[in-house]
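S.K.: Before I ask anything, let me first share the structure, which is written out below as structure tokens.
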Amino acid sequence: MARPALIKGGYFTILMGDGATPAEVFTVLCGLNTRSFTIQTNTSDVFVADCALPEDVPARQVNLTGKQWDMSGAGLYNRTDATRIRAAVGVVKNYRFSELEPASPAVAVDSGWWAGAFVLTNWQQQAADGQYVTASMTFVSDGPVLWVPTV
Numbered sequence: 591m592a593r594p595a596l597i598k599g600g601y602f603t604i605l606m607g608d609g610a611t612p613a614e615v616f617t618v619l620c621g622l623n624t625r626s627f628t629i630q631t632n633t634s635d636v637f638v639a640d641c642a643l644p645e646d647v648p649a650r651q652v653n654l655t656g657k658q659w660d661m662s663g664a665g666l667y668n669r670t671d672a673t674r675i676r677a678a679v680g681v682v683k684n685y686r687f688s689e690l691e692p693a694s695p696a697v698a699v700d701s702g703w704w705a706g707a708f709v710l711t712n713w714q715q716q717a718a719d720g721q722y723v724t725a726s727m728t729f730v731s732d733g734p735v736l737w738v739p740t741v
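For our numbering, count along the sequence shown from 1 and bump the result up by 590.
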């Protein structure tokens, strides 16, 4: 049996850039224990009739209108990151969504990160008595996002 190349969730991370030039430094948003990355193609549909068979039901033709990338994360509220998160809300910044894994003992397959400009559009904090405070964040792309392979 061939085993699939899997990656553990802890290696699936969101990193925020500091904006420094010439070498921007990216730091993990620590405390997030669930993360997601979504690529979506936007479309508009038109239904085109067959001119030779005008009574047939028209077939859909898809018109690609755009592409977008979204990231989100949720988990424990890390007060160490609070200042930079507050400063990032509504601001275009560089981010990475990392899918890196250590090369040993696993074999790194399709390892790398998504890189591009994003806007932190939503930051929520939640709390229940007797529990730790949690937070969730949503980031939307502002321009193209590229895959940067490391292997």
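Glycine is no exception: its CB is placed at the ideal position from the N, C-alpha and C atoms.
Check whether the segment 669-679 touches the segment 642-657, counting contact only when three or more Cβ pairs, one atom from each stretch, lie closer than 8 Å.
M.R.: Touching, no, given that fewer than three Cβ pairs across the two stretches are closer than 8 Å.
S.K.: For a test of the three-state rule: what should DSSP assign to Tyr685, helix, strand or coil?
M.R.: Within the sequence shown, residue 685 is the residue found at index 95, counting from 1. Three-state result, Tyr685: strand.
S.K.: I believe Val735 touches Val709 by the beta-carbon criterion, under 8 Å. Please report the beta-carbon distance rounded to the nearest angstrom.
M.R.: To locate residue 735, count along the sequence shown from 1; it is residue 145. To locate residue 709, count along the sequence shown from 1; it is residue 119. No, Val735 and Val709 are not in contact; Cβ-Cβ is about 12 Å, not under 8 Å.
S.K.: Leaving out five residues before and five after Gln630 in sequence, what residues of the same chain have Cβ atoms less than 6 Å from its Cβ?
M.R.: Taking the first residue of the sequence shown as 1, we reach residue 630 at position 40. Cβ neighbours of Gln630 beyond the five flanking positions: Gln658.
S.K.: Reducing DSSP to helix, strand and coil, say where Gly720 ends up.
M.R.: Your numbering for residue 720 matches position 130 in the sequence shown. Gly720 falls in the coil class under three-state DSSP.
S.K.: Contact check, Leu666 vs Asn712 under 8 Å by CB: the rounded distance?
M.R.: As a working note, residue 666 is residue 76 in the sequence shown. As a working note, residue 712 is residue 122 in the sequence shown. Going by Cβ atoms, the distance from Leu666 to Asn712 rounds to 18 Å, so no, they are not a contact pair.
S.K.: Give me the DSSP bridge partner(s) of Leu666.
M.R.: If you number the sequence shown from 1, residue 666 lands on position 76. Its beta-bridge partners are Thr724.
S.K.: Going by DSSP in three states, Ile597 sits in which element: helix, strand or coil?
M.R.: Sequence index remark: in the sequence shown, residue 597 carries index 7 (1-based). Note: Ile597 maps to coil in three-state DSSP.
S.K.: Would you identify the three-state DSSP class for Ala642, choosing helix, strand or coil?
M.R.: As a first step, residue 642 is located in the sequence shown; it is residue number 52 there, counting from the start. In the structure shown, Ala642 sits in coil (DSSP, three-state: anything other than H, G, I, E or B).
S.K.: Could you compute how far the alpha carbon of Phe602 sits from the alpha carbon of Val638?
M.R.: Position 12 of the sequence shown, counting from 1, holds the residue named residue 602. Position 48 of the sequence shown, counting from 1, holds the residue named residue 638. Phe602 and Val638: Cα-Cα distance of roughly 43 Å.
S.K.: Would you call Ser634 buried or exposed, if buried means 16 or more other Cβ atoms sit within 10 Å of its Cβ?
M.R.: Mapped onto the sequence shown, residue 634 falls at position 44. Looking at its Cβ environment, which holds fewer than 16 other Cβ atoms inside 10 Å, Ser634 is exposed.
S.K.: Within 7 Å (strictly less), CB to CB, does Pro734 reach chain C?
M.R.: The chain labelled as chain C is not found in the depicted structure, where only one protein chain is given.
S.K.: Can you tell which of Ile604, Arg625, Val699 and Pro648 has its C-alpha closest to the C-alpha of Pro594?
M.R.: As a position in the sequence shown, residue 594 is number 4, starting the count at 1. Ranking Ile604, Arg625, Val699 and Pro648 by Cα distance to Pro594 puts Val699 first.
S.K.: Could you check whether Val741 and Ser688 sit closer than 7 Å to each other, using their CB atoms as the reference points?
M.R.: As a first step, residue 688 must be located in the sequence shown, where it is residue number 98. As a first step, residue 741 must be located in the sequence shown, where it is residue number 151. No. Outside cutoff.
S.K.: Where do the ends of the beta strand (DSSP E) carrying Thr617 lie?
M.R.: Position 27 of the sequence shown, counting from 1, holds the residue named residue 617. That run of the beta strand (DSSP E) goes Phe616 to Val618.
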